[in-house]
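See structure below.
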Amino acid sequence: MAIIGNIIKGVINLRNSISSETDHIKNQKETLKFLLDKAKLTEFGKHYKFSKILDSSHPYKAFKSTIPYFDYDKIHNDWWYKLHEGKDNVTWPGHPDYFALSSGTTGKTSKRIPVTDDMIEAIKNAGIKQVLAMENFDLPADFFEKEIMMLGSSTNLEKNNEHVEGEISGISASRIPFWFRGFYKPGEEISKIDDWDERVQKIAEHAKSWDIGALSGIPSWMELMMEKVIDYHKVDHIHEIWPNLKVYTSGGVAFGPYEKSFKRLTGKPVEVVDTYLASEGFIALQTRPETDAMQLLTDNGIFFEFVPFQPDYINPDGSLKANSPSISLEDVELDQDYVLLVSTVSGAWRYSIGDTIQFIDIAKAEIKITGRTKFFLNTVGSQLSVNKMDAAMKTLEDQFDIDISEYTICAKRGEDDEFYHYWYLGTSDTSLDSSKVAEALDEALQAANKNYKVARTKALKGVKVELIKPKVFYDWNARNKKKGGQVKMERVMNEEKFEDWEKFVQEH
Numbered sequence: 001m002a003i004i005g006n007i008i009k010g011v012i013n014l015r016n017s018i019s020s021e022t023d024h025i026k027n028q029k030e031t032l033k034f035l036l037d038k039a040k041l042t043e044f045g046k047h048y049k050f051s052k053i054l055d056s057s058h059p060y061k062a063f064k065s066t067i068p069y070f071d072y073d074k075i076h077n078d079w080w081y082k083l084h085e086g087k088d089n090v091t092w093p094g095h096p097d098y099f100a101l102s103s104g105t106t107g108k109t110s111k112r113i114p115v116t117d118d119m120i121e122a123i124k125n126a127g128i129k130q131v132l133a134m135e136n137f138d139l140p141a142d143f144f145e146k147e148i149m150m151l152g153s154s155t156n157l158e159k160n161n162e163h164v165e166g167e168i169s170g171i172s173a174s175r176i177p178f179w180f181r182g183f184y185k186p187g188e189e190i191s192k193i194d195d196w197d198e199r200v201q202k203i204a205e206h207a208k209s210w211d212i213g214a215l216s217g218i219p220s221w222m223e224l225m226m227e228k229v230i231d232y233h234k235v236d237h238i239h240e241i242w243p244n245l246k247v248y249t250s251g252g253v254a255f256g257p258y259e260k261s262f263k264r265l266t267g268k269p270v271e272v273v274d275t276y277l278a279s280e281g282f283i284a285l286q287t288r289p290e291t292d293a294m295q296l297l298t299d300n301g302i303f304f305e306f307v308p309f310q311p312d313y314i315n316p317d318g319s320l321k322a323n324s325p326s327i328s329l330e331d332v333e334l335d336q337d338y339v340l341l342v343s344t345v346s347g348a349w350r351y352s353i354g355d356t357i358q359f360i361d362i363a364k365a366e367i368k369i370t371g372r373t374k375f376f377l378n379t380v381g382s383q384l385s386v387n388k389m390d391a392a393m394k395t396l397e398d399q400f401d402i403d404i405s406e407y408t409i410c411a412k413r414g415e416d417d418e419f420y421h422y423w424y425l426g427t428s429d430t431s432l433d434s435s436k437v438a439e440a441l442d443e444a445l446q447a448a449n450k451n452y453k454v455a456r457t458k459a460l461k462g463v464k465v466e467l468i469k470p471k472v473f474y475d476w477n478a479r480n481k482k483k484g485g486q487v488k489m490e491r492v493m494n495e496e497k498f499e500d501w502e503k504f505v506q507e508h
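1 is the number of the first residue of the sequence shown in UniProt numbering; add one for each residue after it.
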């Protein structure tokens, strides 16, 4: 009998039974006041007169009329650079011990995002909430005695002056509490290995000695790890190695494009639970099995704002125009894409993390990630967002009985001086007629997107498709020093990047 598992599950049931329905709007109002009050004596708080905002009759109205929008470059150049000069109390009290490295999908020099003790505590609290939410998924008691494979970036963090730095998944894993270490795999020694391929090789070698009940990590790298374990042990699927695997906690990207290829690697159903952990903080997590939407963590050190995702509000580089309107949680609507802004206990203020989201249930504050502001393709008025691209990939998967785990697109002129959308699709079956796939893709996008359909009757001449192996995408990321961890493939490329990409593909 799973005695420990029953005790843990009983505690979870008790905690959930005594918790009342969450008032997310109230949570957010309290969170904004908490952030402003705690940071009012920082340089940033004094400059923008946080004390005056707190005394106003409408704090949020005063907040958004006083403080401009920030992206990483702006807040770093204006404020965060001072942290690297050793200054304290810049945008948050004290000085952060950690900086999260995030190169995103641009391939540029890594961003260095402060991670304060308050943020580490918030991430830990989010993890506890995630465990408590597992009660809703009707898992057996012995699940809570199984080990958890957390596949993130290396926990071998680098010392840089008075702080240490690494990806947020590595920072989080390095701070795992002592009582959890017995459940955590691949363990501290393997997790410190910097080289991704070497780390995955060690995981494969030790895999049979672990009783994994849950996986956690970015889908593309999780699939590569499972493929390595399957190949190393010469089995058909991962459940032959880990028969008690029941849950996969995804994160950072929409799981939809990976669903079919993920199922190919498993022998039994696995409950997929989405989470949203960014370098700037733990944003949201899925709390119930009836939906794959995630609930914003409205009482955990982050204040959220939302800007309608419309071409008139977005600069060519994906940043927000200064006069774009923002709203708080109490004014959001369904069926509307929003640019997500966060103000956090790490000293980010009205900060765009570059993601777009859509509300699925307003009362429950449940959202889905719909794309990236930089990956919005509006050449010749086509207005393609990542969620529309993902939906088109699902249509192709069903129509041609294939899996498409990765893709990228560029809009550019062809040899006839007309505009085309050039797509590269990552699939294990590259023998299909690419012209037929292109025709089906074009039809799917026209059926789902009226702006795209109009563009196709005017300046957008057509669609061209190349089918390549998914490994090419992973090798591209590896070449750009972004293999593993929080890395995501860029879905939309500009012409300069795309030229480099096509040369890379030809070489492979």
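Glycine included, every Cβ here is placed at the ideal spot set by N, Cα and C. Source: prediction; values computed, not measured.
Drop a sphere of 10 angstroms on the beta-carbon of residue i, count the other beta-carbons inside from all chains shown, and report buried for 16 or more, exposed for fewer.
i, result
"H508", "exposed"
"S216", "buried"
"L296", "buried"
"residue 533", "The question about residue 533 has no answer, for the chain in this structure spans 1 to 508."
"K26", "exposed"
"K458", "exposed"
"G347", "buried"
"E397", "buried"
"P311", "exposed"
"E280", "buried"
"L334", "exposed"
"G86", "exposed"
"A363", "exposed"
"K268", "exposed"
"K246", "buried"
Whose CA, out of the options, lies closest to the CA of residue i?
i, options, result
"Y207", "W196, V505 and P243", "Checking the sequence shown, residue 207 turns out to be Ala, not Tyr. Among W196, V505 and P243, the Cα nearest to that of A207 belongs to P243."
"G462", "F34, E135, A411 and T287", "A411"
"M424", "E415, S435 and W196", "Looking at the sequence provided, one finds Tyr at residue 424 rather than Met. Answer by Cα proximity: S435."
"M134", "T42, A214 and A62", "A214"
"P308", "L341, I283 and W349", "L341"
"E330", "F50, I230, K321 and F306", "F306"
"T287", "H239, G267, A365 and E227", "A365"
"M489", "F504, F473, L334 and Q201", "F473"
"S385", "Q358, A363 and L396", "Q358"
"I128", "L285, H421 and Y232", "L285"
"E495", "V505, R413 and P470", "R413"
"K464", "L441, P470 and N477", "L441"
"Y422", "D429, A438 and S428", "A438"
"L467", "D433, D317 and S56", "D433"
"residue 509", "T427, F303 and A293", "Only positions 1 to 508 of the chain appear in the structure, and residue 509 is not among them; the question remains open."
"D231", "I218, E85, F255 and Q201", "Q201"
"G371", "F144, K49, G256 and E30", "G256"
"S57", "W79, K33, G45 and T298", "K33"
"T430", "P470, A478, E499 and W80", "P470"
What does residue i pair with, by DSSP beta-bridge criteria?
i, result
"G281", "A278"
"W423", "I409 and V465"
"E495", "In DSSP, E495 forms no bridge with anything."
"F70", "Y351"
"Y60", "Answer by DSSP bridge pairing: none, since Y60 is not bridged."
"T356", "G371"
Please return the same chain residues whose Cβ sits closer than 7 angstroms to the Cβ of residue i, not counting the five positions on each side in sequence.
i, result
"R112", "F99, L101 and E165"
"E502", "none"
"Y313", "V307, L320, K321 and S324"
"I53", "L36, P59, A62, F63 and T66"
"Y452", "S382, Q383, L384, L445 and Q446"
"L83", "V90, H95, P96 and P114"
"residue 539", "Given a span of 1 to 508 for the chain in the structure shown, any question on residue 539 remains unanswerable."
"I241", "A207, K208, V229, H233 and V235"
Grab me the residues of residue i's own chain with a C-beta within less than 6 angstroms of its C-beta, minus the 5 sequence neighbours each way, in chain order.
i, result
"K146", "D211, G213 and N244"
"T106", "At T106 the pLDDT is 40, less than 50, meaning the model places this residue with poor confidence; the figure from the coordinates comes in the next sentence. Answer for T106: no residue qualifies."
"N89", "T42"
"N449", "K388"
"A444", "A392 and T395"
"K108", "Low per-residue confidence applies at K108: pLDDT is 49, beneath 50, and the placement is therefore not dependable enough to give any value."
"residue 536", "The requested residue 536 does not occur in the structure, where the chain is confined to residues 1 to 508."
May I ask you to check if the CB of residue i is nearer than 7 angstroms to at least one heavy atom of the ligand FMN?
i, result
"A214", "Annotation note on the ligand FMN: not contained in the displayed structure, which lists no ligands."
Please go through the same chain and pick out, in chain order, the residues whose beta-carbon is closer than 8 angstroms to the beta-carbon of residue i, but skip the five residues on each side of it.
i, result
"P289", "N136, F137, D138 and E271"
"I148", "F183, Y184, K185, I212, G213, A214, L215 and S216"
"L332", "Checking the sequence shown, residue 332 turns out to be Val, not Leu. Correct list, in chain order: F306, Y338, F359 and I362."
For this session: Determine contact between the segment 68-75 and the segment 348-358, defined as no fewer than three beta-carbon pairs at a distance below 8 angstroms.
Result: yes
Exercise. Touching or not, the segment 274-291 and the segment 249-256, by the rule of three or more beta carbon pairs under 8 angstroms?
Worked result: yes
For this session: Spell out a yes or no on whether the segment 119-132 and the segment 221-240 are touching, meaning 3 or more CB-CB pairs, one atom from each, closer than 8 angstroms.
Result: no
For this session: Inspect the CB distances between the segment 395-415 and the segment 259-267 and report whether three or more fall short of 8 angstroms.
Result: yes
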